[in-house]
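Numbering (the numbering used here), first residue to last: 207 to 262. Have a look at the structure below before the remarks.
In structure tokens, the structure reads:
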């Protein structure tokens, strides 16, 4: 079970990173695109502090 959770975290991190890269191709700031991806993958609302912690 732990490996599945670790895999999901790794996949989410990769998705957020790649969404940031794609965002720059669309004319969106990389960090803003990463925030967008993070919020799309979060099951619940996140505070600003949680977003900053997750992306750092």
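No residue lacks a Cβ here, since even glycine has one placed at the ideal position from N, Cα and C. Fair warning: this is a prediction, and the values are worked out from it, not measured in the lab.
Residue 248 in three-state terms, based on DSSP: coil
First through last residue of the alpha helix (DSSP H) which encompasses residue 226: 208-231
Residue 245 vs residue 252 beta-carbon contact at 8 Å: yes
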